[in-house]
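Numbering (the working numbering), first residue to last: 4 to 735.
Ideal Cβ placement from N, Cα and C applies to all residues, glycine included.
Everything below concerns the one structure shown next.
Now the structure itself:
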């Protein structure tokens, strides 16, 4: 085990300078804030970077336009010379991107740049401008920390990658002095030819480091990394709370009706293959997933309910397509209620589109929807209660058009089964401009048809049409309030913090509440799709996250998803919250189990977030009073560091505690007469260990532990590590 641990640390470590070699300049980037970096006697000016966690301490994240400018000195122009740094690229195949640049004319100074995944070390001369390049024979590992040393002794250039020599080149002479500043991460201070990724521990030496020096730095770094990993592990198991929040919970005030669920995308053939797996259904049931949405998102408006092969999304063989009866069996197996979505784009086949200008075409679509209601609830007696009219139809329809659809569809469907609940498509923000003209064209059959090249809607216009034209025709509005950070740097902690602020503001849901109030509508809210940082929550599935990065995005997104669910649960007008999605993305559970988790499977962030809330549906919401609550200051917002929500049933009282603080542990002191509490805690190092390249026994990026805590002094003390969440249960 020690050998395995040491090998793993060797993959991540970065150099710590041997005491025998002192640098002219050493930028550790451990300041953690500000626009100035200290390099010892030399300082640098930071432009456009982000302060992030390094492999040890802090580092800088460069976005392709950022830089650190260091004023030129005579020492930085002299030979012999060595430069050492640590880097982690966030983009593959970066070509001619500068890591270190001190040249102006191409005839002076020197550069270190990255081409593809290889380092190039350049010291040009007057007769060879932009020439004399040495390219490393060893490539870098994209997405992982790499240690680079480039040396020049007056006659030979050398490159070392991760402690091993990767190239030499004869280059007699001196370094032509350059008046240009030394720039880190770009060619110049303006960010020209900038690098995208992390840079740490930049050092310049007035000597040519030897192979032993490079290897020694690397080995010393390994020891420091291993020591920090061990300290981090101990810190998780014995946290020291920054603050203690005293919590008092009083009896339940109002029933909680909100149903938690997941989208289920019928065209995912992989699910069908796994339906026979008992552990898959047990996992879904244990969350619990209490609602599934079928056929799932965009597919609904291309889906022919009694002939799936005629639909656009008819992927896979007939044996792998999940038909309505298959879906209802799954719902029965896991105890889930169904939402059925009806097609508003096509009638009986994909090519037979519905013309929004033709009321008879709309009524034909409504007739087909009513036939499905009959098949489901009258013929098969499935008693499907919730029926959703289309999905994100604002892509091709305007508000007044869709309102007419809702009127006609609701009339036809309710005529078959008056007990059903109609869900109308909602809108949480102004849409971008869509061009559906390539697939929505009725010019041959409708002389009045005008090419539809620019469709955009706002919530105000959309809801004005729904709440006036279609008033009384629907029971729920269905917004899809996705919340995402705009930070695409690859830094999970920054993405987590920015998302936390957006969830605190909850602006997209406030738009829904305001619309209902404006029109005094009795309609409730069914959030039929929601997620945090959707493209980053599915390693391998979205293409935005490498598989080895999945764990730290799971931790941040898991906490964000749990927090978001609580924010939805706070308002009684929200009665349905269907996450996108634990259908196709449930395959992630198998993927992590097989590839990385070594027998300890982790789950999709939405599932982690929903699992901590599993006991709260169908209970009574309880009042929570707190004292001693620490506050987080993020982007000018003051946010309670610990999010708390309580409910109870006849036997138990439940508390969700989410520590939103990404830097500090906090303690929840629950004042209660109960002698014990059952705790399920999710925590981890993942947001601080972004170079984690797989599962190992030394540091688990995400851990889920279940344990019992006993009362002390009339209270239950639950310590929450930084960025963690807990579901707590006591008997009343």
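> Taking the alpha-carbon positions, what's the residue 244 to residue 723 distance?
Replying inline: Distance from the CA atom of residue 244 to the CA atom of residue 723, rounded to whole angstroms, is 8 Å.
> Between the Cα of residue 566 and the Cα atoms of 616, 366, 102 and 681, which residue gives the shortest distance?
Replying inline: Comparing Cα-Cα distances from residue 566 to each of 616, 366, 102 and 681, the minimum goes to 616.
> What are the boundary residues of the alpha helix (DSSP H) that includes residue 485?
Replying inline: Premise fails: residue 485 is in no alpha helix (DSSP H) and is neither H nor E.
>> In the DSSP assignment, the alpha helix (DSSP H) including residue 390 goes from what residue to what residue?
In response: Not the alpha helix (DSSP H): residue 390 falls in the beta strand (DSSP E), residues 389-392.
> Do you know offhand how far residue 201's Cα is from residue 165's?
Replying inline: Distance between the alpha carbons of residue 201 and residue 165 is about 16 Å.
>> Please identify the residue among 215, 263, 297 and 126 whose C-alpha is closest to the C-alpha of residue 289.
In response: For residue 289, the nearest C-alpha among the options comes from 263.
> To the nearest whole angstrom, what separates the beta carbons of residue 477 and residue 376, a pair I think is in contact under 8 Å?
Replying inline: Beta-carbon to beta-carbon, residue 477 and residue 376 are separated by about 15 Å, too far to satisfy the 8 Å threshold.
>> Less than 8 Å between C-beta atoms, sequence neighbours within five positions excluded: which residues of the same chain meet that for residue 436?
In response: Once the five neighbours on either side are set aside, the close Cβ partners of residue 436 are 457, 458 and 459.
> With C-beta atoms as the reference, is residue 207 less than 8 Å away from residue 26?
Replying inline: Contact: yes.
> With DSSP run on the structure shown, which of helix, strand or coil describes residue 170?
Replying inline: Of the three classes helix, strand and coil, the one that applies to residue 170 here is strand, per DSSP.
> At what residues does the alpha helix (DSSP H) containing residue 470 begin and finish?
Replying inline: 462-472 is the span of the alpha helix (DSSP H), which, as asked, contains residue 470.
> With contact counted as at least three CB pairs below 8 Å, one residue from each stretch, are the region 181-199 and the region 132-142 in contact?
Replying inline: Per the Cβ contact rule, the region 181-199 is not in contact with the region 132-142 (fewer than 3 Cβ pairs under 8 Å).
>> What residue range does the beta strand (DSSP E) around residue 2 cover?
In response: This structure cannot speak to residue 2, because the chain is shown only from 4 to 735.
> To the nearest angstrom, how far is it from the Cα of residue 142 to the Cα of residue 88?
Replying inline: Distance between the alpha carbons of residue 142 and residue 88 is about 16 Å.
> Measuring CA to CA, which of 107, 124, 75 and 83 is closest to residue 99?
Replying inline: It is 124.
> When the Cα atoms are used, what is the spatial distance from residue 16 to residue 224?
Replying inline: Low per-residue confidence applies at residue 16: pLDDT is 40, beneath 50, and the placement is therefore not dependable, though the value from the model is reported in the following sentence. Each residue's CA atom was taken as its position, placing residue 16 and residue 224 some 5 Å apart.
>> To the nearest angstrom, how far is the alpha carbon of residue 423 from that of residue 528?
In response: Between the alpha carbons of residue 423 and residue 528 lies a gap of roughly 16 Å.
>> Applying the 10 Å Cβ sphere with the 16-neighbour rule, what's the burial state of residue 418?
In response: Looking at its Cβ environment, which holds fewer than 16 other Cβ atoms inside 10 Å, residue 418 is exposed.
> Which residue from 441, 411, 642 and 575 puts its Cα closest to that of residue 504?
Replying inline: For the residues 441, 411, 642 and 575, the minimum Cα distance to residue 504 belongs to 642.
>> Considering Cα atoms alone, identify which of 654, 613 and 57 is closest to residue 683.
In response: When each option's Cα is compared against that of residue 683, the closest is 613.
> Shortest alpha-carbon distance to residue 258 belongs to which of 660, 367 and 652?
Replying inline: Per the Cα distances, 652.
> What is the DSSP secondary structure of residue 615, reduced to helix, strand or coil?
Replying inline: Residue 615 carries a coil assignment under DSSP once its states are collapsed to helix, strand and coil.
> Between the C-alpha atoms of residue 656 and residue 713, what's the straight-line distance to the nearest angstrom?
Replying inline: Taking the CA atoms as reference points, residue 656 sits about 16 Å from residue 713.
> Enumerated in chain order, which unbroken segments of the beta strand (DSSP E) with a length of 3 residues or greater are wholly contained in the region 368-425?
Replying inline: DSSP runs (the beta strand (DSSP E)) wholly in the region 368-425: 389-392.
> Can you tell me where the alpha helix (DSSP H) with residue 48 in it begins and where it stops?
Replying inline: Not the alpha helix (DSSP H): residue 48 falls in the beta strand (DSSP E), residues 46-50.
>> Considering just the uninterrupted stretch of the alpha helix (DSSP H) at residue 507, what are its terminal residues?
In response: 495-508 is the span of the alpha helix (DSSP H), which, as asked, contains residue 507.
> Contact check, residue 674 vs residue 250 under 8 Å by CB: the rounded distance?
Replying inline: At roughly 7 Å, the Cβ-Cβ gap stays under 8 Å, so residue 674 and residue 250 are in contact.
>> Using the Cβ count rule (16 or more neighbours within 10 Å means buried), how would you classify residue 605?
In response: Residue confidence for residue 605 is low, a pLDDT of 49 falling below 50, so the modelled location carries little weight; the figure read from the coordinates is stated next. Buried, by the Cβ-count rule.
>> Quick test of your reading: residue 198 and residue 97, contact by CB under 8 Å. State the CB separation rounded to the nearest angstrom.
In response: With a Cβ gap of about 7 Å, residue 198 and residue 97 count as contacting.
>> If contacts are defined as beta-carbon pairs under 8 Å, then residue 648 and residue 671 qualify, I think. What distance do you get, rounded to the angstrom?
In response: That belief does not hold up - the Cβ atoms of residue 648 and residue 671 are roughly 12 Å apart, past 8 Å.
> Alpha carbon to alpha carbon, what distance is there between residue 630 and residue 253?
Replying inline: If you take the alpha carbons of residue 253 and residue 630, they lie about 15 Å apart.
>> Quick check on the DSSP output: the alpha helix (DSSP H) that includes residue 328 runs from which residue to which?
In response: Segment 327-337, the alpha helix (DSSP H) holding residue 328.
> For residue 29, which three-state DSSP category applies?
Replying inline: If DSSP states are grouped into helix, strand and coil, residue 29 belongs with the strands.
> If we ignore side chains and look at the alpha-carbon of each, how far apart do residue 279 and residue 337 end up?
Replying inline: At residue 279 the pLDDT is 46, less than 50, meaning the model places this residue with poor confidence and gives no usable figure here.
> Under a Cβ-count criterion, where at least 16 other Cβ atoms within 10 Å of its own Cβ denotes burial, should residue 173 be classed as buried or exposed?
Replying inline: That one is exposed.
> Across which residues does DSSP place residue 258 in a beta bridge pair?
Replying inline: Beta-bridge partners of residue 258 (DSSP): 623.
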